[in-house]
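The next block holds one structure in the form of structure tokens; read it before the comments.
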Amino acid sequence: MGALAVVGFVVLAPFALVAFVVAFAASTAIGVATAVGSPTRLEPVAHRAGEDPAHRLYLAGPAFQDVWRLSGAAVLATYHRLVALPDEDLPDSMFARMWRRRSIRNLDGPLVLPPAGLAGGYALGFLTVTLLIAFVTALHAVLAGTVVLAVRATACGLRWFEIITLTLRGITTECGTCEQRARPAFTCACGRVHHNLVPGAQGVFRRTCLCGHRLPALLLNGKHSLPASCGRCHSPLPPLAQSVPAVHLPVVGGTTEGRSAFLHAVLSPRQPAPVHRILLGEKNSRRLVHLYDTAGDTFEHAAFLGLAGGVILVVDPFPGPGSTDPKLTLDRVTESLTELRGTAIPLAVVITRTDALPGTGDRSMTIRRWLLDHGRVDLVNTAQNHFTRVHYFVAADDPWAPVHWLLGAFVTR
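Just so you know, we're using full-length UniProt numbering here: the sequence shown kicks off at 1 and counts up by one.
See below:
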């Protein structure tokens with residue numbers, strides 16, 4: 001009986017070990033290759049309901065399923081080989097053949113095996129091989145789990161690295177349509193939309209869309225080049241929304257204050273639009289500037305004020321009949337800002353008509369003093385009390401000066 005157990009162990013153990021080594025090496029290589037983006041010849045793993053339209057990583061679940069399937073197949077194969085009834089593949093089991101023979105030859109002659117000893121020997125051999133398979137399975141599961149955890153940890157680390165990098169660079173994504181912070185969704189060439197294109201269960205560096213196209217999962221390897229849209233309202237986002245810091249500057253003023261003329265001078269020859277996006281600066285100092293054309297009687301409920309990095313107030317020092325008082329416009333701005341985000345931002349006051357302004361000295365201080373002398377004390381005090389920094393400009397001097405000043409205040413704050 002003991003001899004048969006040894007024979008079973010010696011015969012079956014090498015096969016089990018070889019199967020373990022081959023299966024583990026193959027599954028690990030395929031999983032890691034898929035994780036880092038190398039193509040494989042195996043069919044991709046189907047995605048789960050509710051996930052993005054992309055295939056899951058092999059090491060995100062199927063690897064463990066293969067461990068259990070391989071172990072179960074090994075146990076069943078051992079059982080059928082030793083004690084099962086004959087089938088088409090196995091004309092006769094080893095137990096049946098040995099039962100008919102019931103003897104083996106040694107150096108001295110035939111050795112007859114009693115049925116009880118034969119059964120016990122095979123039972124012990126089967127138990128030994130089963131324990132070996134269980135040990136190999138546990139070892140395989142531990143090693144596979146280690147690889148899976150390493151891949152998941154890498155994905156998590158890369159995801160946080162990208163978040164921290166964007167935070168340190170001040171890059172946020174805002175939608176000009178729904179006027180809120182947006183989580184970008186990226187569109188594959190096939191038209192499928194991926195709302196959570198980040199390192200994870202569907203890919204560490206790249207993922208495979210259901211159409212077979214591979215998409216980068218990180219900004220470092222080209223995600224910013226994909227068409228992006230707002231995940232909330234599905235409006236297209238600017239191409240540089242994920243790679244350049246954005247600054248939102250609402251331009252406010254009454255309908256007759258010269259706001260449209262000021263914007264035309266800044267944006268010419270661009271066409272009029274509610275939101276204009278302009279890329280300013282060079283290399284690391286580039287900013288994507290959003291200029292909002294906002295009338296004084298329509299912006300009270302504009303959610304984009306919560307994103308504002310500064311405000312441009314256009315003032316006509318000689319308002320005509322029916323014009324909006326700039327103090328009233330500024331009060332509405334401060335009320336809306338207080339509700340949405342607070343007024344801890346700079347304010348640029350742009351004077352549109354300068355016929356009576358002296359042209360010498362500090363231009364900002366000259367304009368401020370002139371406003372105080374001509375009954376605009378309440379306007380100057382409100383601006384000084386509710387904003388971190390206030391600077392006064394003349395539109396005719398340089399229409400871009402208020403924008404550049406606000407960008408400088410945005411960078412240094």
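Heads up, the beta-carbon is just placed ideally off N, CA and C, and yes, glycines get one too.
Contacting residues, own chain, Cβ-Cβ under 8 Å from residue i (five flanking each side not counted)
i      : result
His195 : Asp52, Arg183, Ala185, Gly231
Ser235 : Cys175, Gly176, Thr177, Cys178, Ser229
Arg169 : Pro245
Pro227 : Phe186, Thr187, Pro236
His374 : Pro317
Asn106 : Confidence at Asn106 is low in this model, with a pLDDT of 49, below 50, so its placement is unreliable and the value that follows should be read with caution. So the list is empty, once near-sequence residues are dropped.
Ala308 : His248, Leu249, Pro250, Leu337, Arg341, Ile345
C-alpha distance - residue i paired with residue j, whole-angstrom precision
i      : j      : result
Ala401 : Phe393 : 8 Å
Ser364 : Ile171 : 31 Å
Leu59  : Val142 : 13 Å
Leu76  : Arg69  : 11 Å
Phe205 : Ile367 : 55 Å
Leu139 : Gly145 : 10 Å
Leu57  : Ala201 : 6 Å
Ser323 : Val251 : 17 Å
Leu215 : Arg159 : 16 Å
Ala383 : Glu162 : 38 Å
Leu240 : Arg277 : 10 Å
Val67  : Thr137 : 7 Å
Endpoints, beta strand (DSSP E) assigned at residue i
i      : result
Val266 : No beta strand (DSSP E) contains Val266, which is instead part of the alpha helix (DSSP H) from 259 to 267.
His248 : 246 to 253
Arg214 : 214 to 216
Cys188 : Where Cys188 is concerned, there is no enclosing beta strand (DSSP E), given that its DSSP letter is neither H nor E.
Ala228 : 228 to 230
Val198 : Segment: none, Val198 is in no beta strand (DSSP E) and carries neither H nor E.
Chain-order list of residues whose beta-carbon lies under 6 Å from that of residue i (same chain, five-residue window excluded)
i      : result
Gly203 : Ala217
Pro199 : Ala155, Leu158, Arg159, Ala217
Pro399 : Ala265, Val266
Ala395 : Phe262, Val350, Thr352
Residues that residue i bridges to, as DSSP identifies them
i      : result
Arg206 : Pro216
Ile312 : Val251, Ala348
Leu279 : Leu288
Gln242 : Note: Gln242 sits in no beta bridge, so no partner.
Pro236 : Ser229
Glu174 : Arg181
Thr294 : Val252
Beta-carbon contacts of residue i that lie in its chain and below 7 Å, excluding the five residues immediately before and after
i      : result
Thr294 : Pro250, Val251, Val252, Ala302
Phe318 : Arg353
Arg341 : Gly306
Asp378 : Lys327
Heavy atom of the ligand GTP within 7 Å of residue i beta-carbon
i      : result
Gly408 : The model on display carries no ligand, and the ligand GTP is accordingly not part of it.
At what residue ranges does the segment 319 to 403 contain a whole run of the beta strand (DSSP E), taking only runs of 3 or more?
347 to 351, 390 to 394
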